[in-house]
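Chains as they are written, first to last, in full-length UniProt numbering: chain A, 1 to 494; chain B, 1 to 494.
Note that CB positions come from ideal geometry on N, CA and C, so glycine has one too.
Let me begin by presenting the structure, written as C-alpha cells, before commenting on it.
Number of protein chains: 2
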Amino acid sequence: MAWFRSFIQVSKIKSSVRPTKPTHFFTPLSHFSSAAGPAEAAVRERWGLAPTGPDDKPRVVVLGSGWAGCRLMKGLDTKAYDVVCVSPRNHMVFTPLLASTCVGTLEFRSVAEPIGRIQPAISSAPGSYFFLAKCTGVDPDNHMVHCETVTDGSNSLEPWKFKIAYDKLVVALGAEASTFGIHGVTDNAIFLREVHHAQEIRRKLLLNLMLSDVPGISEEEKRRLLHCVVVGGGPTGVEFSGELSDFIMKDVRQRYAHVKDYIHVTLIEANEILSSFDDRLRQYATKQLTKSGVRLVRGVVKDVKSHKIILSDGSEVPYGLLVWSTGVGPSPFVRSLQLPKSPGGRIGVDEWLRVPSVQDIFAIGDCSGFLESTGKPVLPALAQVAERQGKYLAELLNGVAKAGGGQANSSKEIALGDPFVYRHLGSMATIGRFKALVDLRQSKEAKGLSLAGFTSWIIWRSAYLTRVVSWRNRFYVAVNWFTTFVSGRDISRI
Amino acid sequence: MAWFRSFIQVSKIKSSVRPTKPTHFFTPLSHFSSAAGPAEAAVRERWGLAPTGPDDKPRVVVLGSGWAGCRLMKGLDTKAYDVVCVSPRNHMVFTPLLASTCVGTLEFRSVAEPIGRIQPAISSAPGSYFFLAKCTGVDPDNHMVHCETVTDGSNSLEPWKFKIAYDKLVVALGAEASTFGIHGVTDNAIFLREVHHAQEIRRKLLLNLMLSDVPGISEEEKRRLLHCVVVGGGPTGVEFSGELSDFIMKDVRQRYAHVKDYIHVTLIEANEILSSFDDRLRQYATKQLTKSGVRLVRGVVKDVKSHKIILSDGSEVPYGLLVWSTGVGPSPFVRSLQLPKSPGGRIGVDEWLRVPSVQDIFAIGDCSGFLESTGKPVLPALAQVAERQGKYLAELLNGVAKAGGGQANSSKEIALGDPFVYRHLGSMATIGRFKALVDLRQSKEAKGLSLAGFTSWIIWRSAYLTRVVSWRNRFYVAVNWFTTFVSGRDISRI
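The structure is reproduced here in C-alpha cells:
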C-alpha cells in the first residue's frame, strides 16, 4: 500500500516550502539541485488525488470545459463540494460568436472565458483544481478517472499520467465535428469549434489574400486561392458565410483592392440551409446571402483533395480555404466508454441526467442523450441544451449534498426532485449585412414570434451581448463591434 | 525575349475578368477549369514586376516592415512613387510594448499595425503592392531583387519565386537576436522580437502554470517549471522581468493560488543591467526589481539544455521558461549580401544612407551602419534610430523625385540636401509596479533630465500611447490597460 500512502500524502501536501526571498543582489544558485531520480519516475503513474474521507468535502470531477461543464461548475456550491475540472483547454468558448472572430469582427479573447473567472474556487480553494489534461479512462467500480497531461508538443514536461478519485463524476466532453468518413476532410478542411480553428481560418484567409497578389500568378490560381468554400448550411456555416461576405464587401474592397474581384464564397449543402428555421426565414436567408455574393450550391461532397473538392456528381470545386461545419457526433473516446448509450452513440442518461447501471456518474451536453427507455428524444447538440443541463445538474448536486449524499455511493436513497425537461427558447442566426433571423417558437409547428431583418440583428446582438459570461468580455465584445464599425476589421496576420 | 513580354504583360494586367455575379440559386460550377498546365509552371520563376518605363511612375521597393521600413513608407509621396513592400509579415510591431503582451497586460493585436493602415496606397494604388515574401537576392547591376513567397508551411500555394525591378531600393531588413554561438539557445530559448515570440512565451507560461499544478509532481519539478529565466539585462529583458513580476504579484496570486509560492523570475546578465542608463537609475532599477522578487544574477551562459542552463562557473540553473534578449546582430542574409559593410557586418551607408558603389540602393534601421570612411559611429539598434532614418530617407527620396531623379540611374547629379544626423532623444524603460526610468539626456555624460519612479511611469505610458501609430491601436492600448487594472490579465490559453 505504499502507493496509497503517496496518494494521501499528495492530496494533503501543504505549502511547506518557504518561498526564497531575495536577500542580496546576486542570489547564489545553490538551492537548485538535480532533477528527480529514477525512483520517483517509477511511481509517476500512481500519484493523483486520493478518495476523500468521510469527513472531507466530497469531490465533483468535471470532464470538459464547454457550455455544459462550465455552467455546472458555475452553479456548484463550493461550500458543499470541491470541484476538479479536467480539460485540454483552460477556458470556455462562447461558440455563437466564434464565426465573427474568423474575419476579425471580434477578437479571439473576447469569446474565450477562463474557467477561473467562471468558478473562482477552481483557482484558489484548497481542494479544487483545474488540470490541463485529457481523460483517458473511467473506472466506475473504483470511482476513479485516469488522466494524462496535454502539452501540445511543448517540452515543458513529459506526458504525466495520474488518477483522480471522484465522489460525483460529470462527463461533459462535448462532441466532435463529423466528417461522415469522407476522405481528406481532416487533412484539408478546417472545422469551426475551437478558438484555434478560428485562428487557423483567419491566418489562412489573410495568407491567401496576400498570396493571390503575388506577381505572375495565373488568373485560375488567383481565383482558386480566393475561393472560400463552406460545407454545411447549418447556423455555423451560414453565420460564417455571412461574416465572410461582410468582410469581403467592407474590408477586402478597401484593403485588398488589387484582388477584390477574385474573392468568392460558396456554401455547399446537401439538403436545405438552416433546416431548423421555418420556410419564410429560410427563403429570406437564401435571398440575403445570394445578394451578398454567397453562392449557394446543393451538392454532396465525395472527396476532398488538397486544392479541390469532388462532388458526388463528379464536378470539381477548386478552393483556397475550406471550412467544414456539417454537424457533430460523439468523439471516439466517448464511443469507447463502457457505459450505456443513447441512440446515435452518445452516453445514455435517464431523466435526472444520471448514467444508469453505474453509481455517481452523470453526463450532460453534446456527449449525452436520453436513453431509449426514457421515451424521450435525444436533444439537439445546442449550447442552450448544454447550458440548461449544466444548470439543472448543479442544482441537483447541490440538493444531494444538502441531503447528505455528497460522498460516493451515498445518494441512493435521496430524492432527486423533478426530472430534467428541455424547453426550446428559440433559435437565432446572423446572415451578414446587419441582418439576422430570430425564431422564438418552440418547434417548427408551434406558434410564436419569428422574424428576419435588421430588428432581428439588433435582437441577435443584444441577446448575445447579455449572454457573454463576464463583464470583461461583454465590454470587449462591445468595443470590438464598435471599432469594427468605425475603422474596419484588423488584418494583421499574427 | 518571350519572358520579357510576359513581364510587361503582368505588370500591366488589368482587371479584365468580370466578377461572376450569382444570378440564380444554384450556380453551375462549370466556370472552374483545371489548374495551370506544365507550360505555365516552366515560366514561374521569370514573372514579376518589370522595370518601369520612362513615362511610368518610378518604383521604390522596400525590403522589410519594421520601424525603419514602415516610417519610410508612411512618408513617401505616393504621387511621385509606386511603393512595393516585400516582407514576411504584413504588419509592423510596436516593439516597446511587446513585453507587455507576454503576460496579457496588452493584447497582441494592440501592438501590431497592418502596413495598409500605415501606407494605404499599398493596398489600393494600381502600381503599389505588399508581397508576403522574403528577399532571396539583390542584383544591383540589373536593378532587380529576387523574392520567394512565405507560406509558413501552409499548403495554399507552392513556394513562388519572382523578381521585382526597382528604381530605388531600400533595405530595411532589421536584425536578428544574437546567440553568440551558444549551443542550444535557438532550440530552447524564446526570443522577444516578434508577436509570435510573445504568443509563444504567453502560451508556455500559462502551460507551465497549469502543469505545475498536476497532482503528484515533485517539488523540484514544480519549482523548475515555474522558474522563468531571462538572459540579458537590456531594456527588453528588464521590462519583461518587470511585467512578469507584476503578473505574478497580481494575477498568479489570485488565479493560480495553489502554485503561487513556487514561481520565480531570475534575470541573468553578464555585465550590468540597463547599461545605457546612468548609475542612479540603474541602482533604482536594481532595488525595485529585487523588491518585486526578481533575482538578479551575474553570470555568463555557457550552454543551454532543454530544462537547464549551464553557466560558465559550472552552476546549473533549471528553468521552465527561458527568454533570450541579449542583443541583436545582422541576419545571415544581410551578411551574405555583396554590398559594402560597416563595422559589425551591417550594410555600410554614407551620410545620406546610400550604399556606395551601387546605384539607387539605400539601407536604414538595424541592418545598416555608417561606413568607417564616414568617421561616424555605427548607431545603436534602437526603434528611434530606425524611425528617424525612415523619416529622413522618405524626405530625401521625395526631394529626389521632385528634382526629376526618381527613375533608376537618374539621380547622380541631384543634390541630396543635408546628411542624416542622429540626435538621441533619451531612453525609457518600465520596471514593473507602476515604476519606470526616464533618461532624457543625449548621452551618459550630457546634462539633462533623468528620473525614476511613478512619474516616470506616467511619462512612459503617455509617451508610448501617443507614439502608437493608429488611433485604433491607441484606443485598444488604453482599453487593455484599463481592463488589466480593473479585472486583471486574461489567462485563457488560446
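Check each residue of the region 453-465 of chain B: if its Cβ is closer than 7 angstroms to any Cβ of chain A, include it; give the result in chain order.
Shown here is that no member of the region 453-465 of chain B has a Cβ falling below 7 angstroms from a Cβ of chain A.
Identify which residue in B:I182, B:W67, B:A401 and B:V111 has its Cα closest to the Cα of V304 of chain B.
Sequence index remark: in the second sequence, residue 304 of chain B carries index 304 (1-based). Per the Cα distances, B:I182.
With distances taken between CB atoms, is the gap from V297 of chain B to V231 of chain B smaller than 7 angstroms?
Reading the second sequence from its first residue, position 297 is the one you call residue 297 of chain B. Reading the second sequence from its first residue, position 231 is the one you call residue 231 of chain B. No, these two residues do not count as a Cβ contact at 7 angstroms.
Chain B residues whose Cβ lies nearer than 9 angstroms to that of A204 of chain A
One-based indexing of the first sequence puts residue 204 of chain A at position 204. According to the sequence displayed, residue 204 of chain A carries Lys and not Ala. Within 9 angstroms Cβ-Cβ: S154 and S156.
Taking the CB atoms as reference points, tell me whether W67 of chain A and E395 of chain A lie closer together than 7 angstroms.
What you label residue 67 of chain A is simply residue 67 of the first sequence in a count that begins at 1. What you label residue 395 of chain A is simply residue 395 of the first sequence in a count that begins at 1. Cβ atoms of W67 of chain A and E395 of chain A: not closer than 7 angstroms.
Counting along the chain, where does the alpha helix (DSSP H) carrying G237 of chain A start and finish?
Taking the first residue of the first sequence as position 1, residue 237 of chain A is located at position 237. Here the alpha helix (DSSP H) through G237 of chain A covers P235 to F247.
V438 of chain A lies in the beta strand (DSSP E); which residues open and close that run?
One-based indexing of the first sequence puts residue 438 of chain A at position 438. First-last of the beta strand (DSSP E) with V438 of chain A: K435 to D439.
Buried versus exposed, by CB contacts within 10 Å (16 or more), G153 of chain B
By one-based count along the second sequence, residue 153 of chain B stands at place 153. Label assigned to G153 of chain B: exposed.
Quick one, are the C-beta atoms of Y476 of chain A and S110 of chain A less than 7 angstroms apart?
Here residue 476 of chain A is taken as the residue at index 476 of the first sequence, counted from 1. Here residue 110 of chain A is taken as the residue at index 110 of the first sequence, counted from 1. The answer is yes: Cβ separation under 7 angstroms.
Any chance the region 197-216 of chain B sits against the region 132-140 of chain A, with 3 or more Cβ pairs inside 8 angstroms?
yes
Excluding sequence positions up to five away, which residues of its chain have a Cβ less than 7 angstroms from the Cβ of S241 of chain B?
Your numbering for residue 241 of chain B matches position 241 in the second sequence. Excluding sequence neighbours, S241 of chain B sits near V230, V265, L267, L289 and V294.
Going by DSSP, what residues sit across from P114 of chain B in a beta bridge?
Along the second sequence, read from residue 1 onward, the residue named residue 114 of chain B stands at position 114. For P114 of chain B, the beta-bridge partners assigned by DSSP are B:H91.
State yes or no: is the beta carbon of A165 of chain A nearer than 7 angstroms to at least one beta carbon in chain B?
Your numbering for residue 165 of chain A matches position 165 in the first sequence. Cβ-Cβ to chain B under 7 angstroms: no for A165 of chain A.
Taking Cβ-Cβ distances shorter than 8 angstroms, what residues in chain A pair up with N90 of chain B?
Translated into positions along the second sequence, residue 90 of chain B becomes position 90. Under the 8 angstroms cutoff, chain A gives L206, M210, I491, S492 and R493.
Would you identify the three-state DSSP class for K302 of chain B, choosing helix, strand or coil?
For the purposes of this step, residue 302 of chain B is identified with residue 302 of the second sequence, where counting begins at 1. In the structure shown, K302 of chain B sits in a strand (DSSP, three-state: E or B).
Can you check whether the CB of I122 of chain B is closer than 7 angstroms to the CB of C70 of chain B?
Taking the first residue of the second sequence as 1, we reach residue 70 of chain B at position 70. Taking the first residue of the second sequence as 1, we reach residue 122 of chain B at position 122. Not a contact, by the Cβ cut-off of 7 angstroms.
By the three-class DSSP mapping on this structure, what secondary structure does S312 of chain B have?
The residue you call residue 312 of chain B lines up with position 312 of the second sequence. In this structure, S312 of chain B counts as coil in the three-state DSSP scheme.
Would a C-beta distance cut-off of 7 angstroms place V170 of chain B and L72 of chain B closer than the cut-off?
As a first step, residue 170 of chain B must be located in the second sequence, where it is residue number 170. As a first step, residue 72 of chain B must be located in the second sequence, where it is residue number 72. The answer is yes: Cβ separation under 7 angstroms.
Under the assumption that G369 of chain A contacts V378 of chain A (Cβ atoms under 8 angstroms), give the Cβ distance between them as a whole number of angstroms.
As a working mapping, residue 369 of chain A is identified with position 369 in the first sequence. As a working mapping, residue 378 of chain A is identified with position 378 in the first sequence. About 4 angstroms; that satisfies the 8 angstroms criterion.
Spell out whether any CB of chain B is found under 7 angstroms from the CB atom of F191 of chain A.
Working through the first sequence from its first residue, we reach residue 191 of chain A at position 191. With 7 angstroms as the cut-off, F191 of chain A does not count as an interface residue toward chain B.
Less than 7 angstroms between C-beta atoms, sequence neighbours within five positions excluded: which residues of the same chain meet that for Y422 of chain A?
Position 422 of the first sequence, counted from the first residue, corresponds to residue 422 of chain A. Cβ within range, chain order: L379, V385 and R388.
Name the residue from B:F482, B:D167 and B:L207 whose alpha carbon lies nearest to the alpha carbon of A50 of chain B.
Along the second sequence, read from residue 1 onward, the residue named residue 50 of chain B stands at position 50. Of the candidates B:F482, B:D167 and B:L207, the one whose C-alpha sits nearest the C-alpha of A50 of chain B is B:D167.
Nearest chain A C-beta to V171 of chain B closer than 7 angstroms, yes or no?
In the second sequence, the residue the question calls residue 171 of chain B occupies position 171. So no, V171 of chain B is outside the interface.
Quick check on DSSP: helix, strand or coil for T52 of chain B?
If you number the second sequence from 1, residue 52 of chain B lands on position 52. Three-state result, T52 of chain B: coil.
Can you give me the C-alpha to C-alpha distance between I263 of chain A and G488 of chain A, rounded to a whole angstrom?
Reading the first sequence from its first residue, position 263 is the one you call residue 263 of chain A. Reading the first sequence from its first residue, position 488 is the one you call residue 488 of chain A. For I263 of chain A and G488 of chain A, the distance between alpha carbons rounds to 18 angstroms.
Which class does S159 of chain A belong to by DSSP, given the choice of helix, strand or coil?
As a working note, residue 159 of chain A is residue 159 in the first sequence. The displayed chain sequence assigns Pro, not Ser, to residue 159 of chain A. It is coil, neither helix nor strand.
Which listed residue (B:D55, B:L371 and B:L440) has its alpha carbon closest to that of residue 560 of chain B:
For chain B, the structure presents residues 1 to 494; residue 560 of chain B sits outside this window and is missing.
What is the DSSP secondary structure of W481 of chain B, reduced to helix, strand or coil?
Here residue 481 of chain B refers to the residue found at position 481 when the second sequence is read from its first residue. Of the three classes helix, strand and coil, the one that applies to W481 of chain B here is helix, per DSSP.
Relative to the C-alpha of S427 of chain B, which residue among B:S443, B:T455, B:L311 and B:T179 is closest?
In the second sequence, residue 427 of chain B corresponds to position 427, counting from 1. It is B:S443.
Note down, in chain order, each residue of its chain lying with its Cβ closer than 8 angstroms to the Cβ of W481 of chain A, except the 5 sequence neighbours on either side.
Your numbering for residue 481 of chain A matches position 481 in the first sequence. Once the five neighbours on either side are set aside, the close Cβ partners of W481 of chain A are T105, L106 and R461.
Helix, strand or coil: how does DSSP classify D187 of chain B here?
Numbered from 1 along the second sequence, position 187 holds the residue referred to as residue 187 of chain B. Looking at D187 of chain B - three-state DSSP - the assignment turns out to be helix.
Between the alpha carbons of V400 of chain B and G406 of chain B, how many angstroms are there, rounded?
Within the second sequence, residue 400 of chain B is the residue found at index 400, counting from 1. Within the second sequence, residue 406 of chain B is the residue found at index 406, counting from 1. If I take the Cα positions, the gap works out to 6 angstroms.
Between the region 101-115 of chain B and chain A, which residues of the former have a C-beta closer than 8 angstroms to a C-beta of the latter?
Correct list: E107, F108, R109, A112, E113 and P114.
When burial is assigned at 16 or more other CB atoms within 10 Å of the CB, is S245 of chain B buried or exposed?
To locate residue 245 of chain B, count along the second sequence from 1; it is residue 245. S245 of chain B is buried by the Cβ-count criterion.
From A:S470, A:A165 and A:H307, residue whose alpha carbon lies closest to that of K222 of chain A
Position 222 of the first sequence, counting from 1, holds the residue named residue 222 of chain A. It is A:H307 whose Cα lies nearest to the Cα of K222 of chain A.
Taking 7 angstroms as the CB-CB limit, is T483 of chain A close to chain B?
Along the first sequence, one-based indexing puts residue 483 of chain A at 483. Yes - at least one Cβ of chain B is within 7 angstroms of the one on T483 of chain A.
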